[in-house]
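Listed in order, the protein sequences are those of chains A and B. End of the first sequence sits at 1861 in my numbering; the numbers just go up one at a time, nothing left out. End of the second sequence sits at 1692 in my numbering; the numbers just go up one at a time, nothing left out. Ideal Cβ positions, reconstructed from N, Cα and C, are used throughout, including at glycine. Presented below is the structure to which this report refers.
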Amino acid sequence: MKYISISNNQAISLDSIPELPYGEFLESNVGMLTGSPERHCVNYFGFWTEAYSSGEPVEDLYDENKNRKEYGENVKLICCIADDKTHQIYVSSATVDPEVVYESFTARNHNFEKYEREMHEIFRIQYNNHPWLKPVRYSHDRADKAETIENYPFFGADSHELHEVGVGPIHAGIIEPGHFRFICNGEQIMHLEIQLGYQHRGIEQLFLQKKKLAELTTLAENIAGDTTVGHTVAFVNLWESLCGYKPGRSLHFSRTLALELERIAIHTGDMSAVCADIGYQLGNSVYGRLRTPIVNFLQEWGGNRLAKGLIRAGRTNFPFSGKLGARLASILDEFELDFNEMTSKFFKLPSALSRLEKTGVVTYGQVLEIGTVGMAARMSGLNRDIRSSHPFNLFGEEFTHEPVIKHHGDVYARVRLRRDEIHQSIGYIRKMIADIPEFTEAAGVKLNPQRNMFILSLVEGWRGEICHCAITDNEGRLGLYKIKDPSFHNWMALAQAVRNNGISDFPICNKSFNLSYCGHDL
Amino acid sequence: MVSVILIIFASIFFVGIVTRTKSIASGRKGPGIMQNMKDIIRLLKKGSVYSKTTSFIFQIAPTVYLASVLMAILMLPHGVHPGVISFSGDFVMFAYLLALGKFLIIVSALDTGSSFEGMGASREALFAMLAEPAFFILMGSFALFTGHTSFSSIFNALDFGSYISYMLGGLATFVLVMIAMIENSRMPFDDPKTHLELTMIHEVMVLDNSGFDLGVITFTTNLKFAMYGAIISNFFIGALPLILSIPLFMLIQFCFAVTVGVIESFIARYRMSHNPEFIFILTSLSLLIFFGVLLILGKFM
């Protein structure tokens, strides 16, 4: 067997993952993706092998400055390929020596580009044919301290006709830091390079240092502030499964409900922001107002507008009552009325359509090559939706999800995708609150992770696929926690989208993707 | 002198009315009409910060900009009352005084060395250049129509006698409103409220100006708005006595401001590459006015 096949949220013993020689590992994984658009790489990462064999507690491997005291001999690589047709994830592994130069996956398939850059940064794994081996983050645990991101090697054009425009990292508005370097021919963008990493907080290491479940859950809530529910659900699903705990319907219910509410709220806010960027005041203010009742409902339910504190492993502090259900139904009725009225105006306004259509096009071939996930895949006809391909919580059991797919890959496709997903989510929520489960507190739930396990949890957040992976050591402590936010891949789609567009259309392209900086930087 | 006082008075309220219209249209309470003026006064009380890469050009530009607009305003008549400065062909000087102010702002934007400001300067120069023929063909047509070449005598001699001349007046108003939108960097050409440097035209050019300088530039923009309103009102005032013409002037300024507010509320901004196309439409409309004048004068017979 070249790989072990698991389903979403299935914990397996770490030793059961087949270990291949690197050459075979490369052939097997790249080969699986070749000619199979239904497969993509959900996570590919490495870890020092001695962290597990030495039996030393993980935090002892770091000094007070959070630098690794010593580097191990070998790095174990784990590659997870998701197959949307069979609903399985194929996991395989290989052990590599950082002293040896390897052939890169990226030269054969660009899906692996960011992963290999990250591993080069952390473990100094050498590749002889990686086309774009640049730093990913401002990380403190990089292996090669001499190679910093401060002197990031930007792609340049030595030309008298072209000029460069640098935007950020101190950025207009309230968004996060990132540096964008444009190479322009007058008003036309020839090339965009995005340099991120400013927000790096070392959140994956914090997961290893924190011991209490409450601390871990809070960490998960803060991976990306706009996807609180998405990341927390990924974490609690993973944790419960790691502990062998089977949550009841009420827990699945509250997680699915919160996830769909978050989707509606953020999508509506994004539509408002798209209107602001094209200078359409009416859409900006109406959609902006419509987001408020949804986030306010989250506050009514869980005491926080961003749903912090709402999702907890093994229990819920905020049972969903029939009273809340009735309240939500009336909020949705009002929301839908205004939303439909505004939408029918917005999607018929010639001046708005002329800004949205054919702006920032990413083709099917491009998204497949990049390996985008979520909305950034569905906008171009690539069917990637974890709710249907690797169902979790209530999906697959109570709902059979039919992903919304658009084909043009422009800003207009992304806005229509949001509109249709809002309608779809409202439909799911209506169905859910018609059958609210009994919230009974399960007594004496003990959540202790099993030893030497590997687990992978996939969740479809509003932006797309969220992947959390965990490995426990031989005493049942977290030995590795690996997070992949949908933004990790999707930033490259933005860089492709703006090519040949006017530089004044960059903000609207950027907003139509609405990618996360801290989700990427971790 | 009447027109100078009226324009300065109107400029105090103009942007406030635009903002108020936009607030009401979007269902918000919005700031008071005087808020814009209060902001300007606050800015004028502050000192300015200058970047080390800038030269004296950057420091004198705001003042020259204000002076050029004030000078241009001195040339505008109010009905039968001629402007402070009035001579044959003064509308040519009027246009180039404004261009001088704009030139200084463009050069001062380039002076900062920022790539954003360079981009804004190139856009402003392009759109101003494209809008210039429209203004000259328009004024030239009316000079031909009336046989006079100064603002006050053109407007005094304007007599909407035939139906076709009403059409010309209407077209001229439309062209002037649109030129005012371009010159003042308003929607649908430029979005003064946007926070995105990459899409800005005028706003990005004054990113580095602060305090007193910024206050001067903002007030000059208000003045320019009221100035275009005054030109439009002259098409309608004619030889009315002051007691009627002053309320009419204010009403026209008010309607102009409300129109700007409504346009900004209910349509999206043009794509940058569509701006030149639209500005060329204004030139064609001016040509239509020109042919209308030829028709009235019987030059085609």
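When the beta-carbon positions are compared, F1657 of chain A and L1645 of chain A stay at least 9 angstroms from each other. Beta-bridge partners assigned by DSSP to K1473 of chain A: none are found. By the rule that beta-carbons nearer than 9 angstroms mark a contact, L1589 of chain B touches chain A. For K1420 of chain B, the closest alpha carbon among the candidates B:T1410, B:L1529, B:H1593 is that of B:T1410. At least one C-beta of chain B is nearer than 9 angstroms to the C-beta of L1688 of chain A. The three-state reading of DSSP puts N1600 of chain B in coil, since its state is none of H, G, I, E or B. With the criterion set as a beta carbon lying under 9 angstroms from some beta carbon of chain A, the members of the stretch 1501-1527 of chain B are S1506, F1507, G1509, M1510, S1513, R1514, in sequence order. For T1609 of chain B, the closest Cβ of chain A is not nearer than 9 angstroms. Going by beta carbons, F1827 of chain A and A1809 of chain A fall outside the 9 angstroms limit. Between the stretch 1483-1501 of chain B and the stretch 1459-1468 of chain B there are three or more C-beta pairs closer than 8 angstroms, enough to call the two in contact. Non-local beta-carbon contacts of R1520 of chain A in its own chain, meaning distances under 6 angstroms to residues more than five positions away in sequence, involve F1493, G1505, E1532 in chain order. The Cβ neighbour count for T1779 of chain A, taken over all protein chains shown within 10 Å, is under 16; the residue is labelled exposed. Under the three-state reduction of DSSP output, I1794 of chain A falls in the strand class. Inter-residue distance for I1497 of chain B and M1596 of chain B is about 7 angstroms (C-alpha atoms, whole angstroms).
In this structure, Y1584 of chain A lies near L1786 of chain A, with their beta-carbon atoms less than 9 angstroms apart. In the three-state reduction of the DSSP assignment, R1753 of chain A falls in the helix class, which pools H, G and I.
According to the DSSP secondary-structure assignment, A1421 of chain A is paired through a beta bridge with A:H1379, A:I1428. Excluding five sequence positions before and after L1679 of chain B, the CB atoms of its chain that fall closer than 8 angstroms to its own CB belong to L1562, given in chain order. In the three-state DSSP reduction, I1356 of chain A falls in the coil class, being neither helix nor strand. A1659 of chain B reaches chain A at I1617, G1618, Y1619, L1688, S1690, A1691, R1694, counting residues in chain order whose Cβ is nearer than 7 angstroms. With the rule of 3 Cβ pairs closer than 8 angstroms, the stretch 1419-1433 of chain A does not count as touching the stretch 1458-1472 of chain A. Using beta-carbon distances, T1698 of chain A counts as an interface residue toward chain B, with a partner under 9 angstroms. Residue state for W1387 of chain A is assigned as strand, using DSSP reduced to three classes.
H1591 of chain A and N1382 of chain A do not touch by the CB rule: their CB atoms are close to 24 angstroms apart, not below 8 angstroms. Spatial neighbours of E1696 of chain A in its own chain (CB-CB distance under 7 angstroms, excluding positions within 5 residues in sequence) are listed in chain order as D1749, Y1751. Secondary-structure assignment with DSSP links G1841 of chain A through a beta bridge to A:Q1527. In this structure, D1599 of chain B keeps its C-beta atom at 9 angstroms or more from the C-beta atom of A1516 of chain B. Per DSSP, the continuous alpha helix (DSSP H) segment holding L1435 of chain B begins and ends at 1426-1435. In the pairwise beta carbon analysis, the stretch 1566-1580 of chain A is classified as not touching the stretch 1712-1728 of chain A: fewer than three pairs are separated by under 8 angstroms.
One thing to note: E1601 of chain A has its Cβ no nearer than 9 angstroms to the Cβ of Y1767 of chain A.
In the pairwise beta carbon analysis, the stretch 1657-1667 of chain B is classified as touching the stretch 1568-1582 of chain B: at least three pairs are separated by under 8 angstroms. In the structure shown, the three-state DSSP call for T1607 of chain A is helix. Comparing alpha-carbon positions, the option among A:P1689, A:L1416, A:Q1789, A:V1706 lying closest to C1582 of chain A turns out to be A:Q1789. Residue contact check for P1846 of chain A against chain B: a CB pair falls below 9 angstroms.
According to DSSP, residue pairing for L1817 of chain A in a beta bridge involves A:T1811. If you draw a straight line from the Cα of R1651 of chain A to the Cα of G1385 of chain A, it is about 29 angstroms long.
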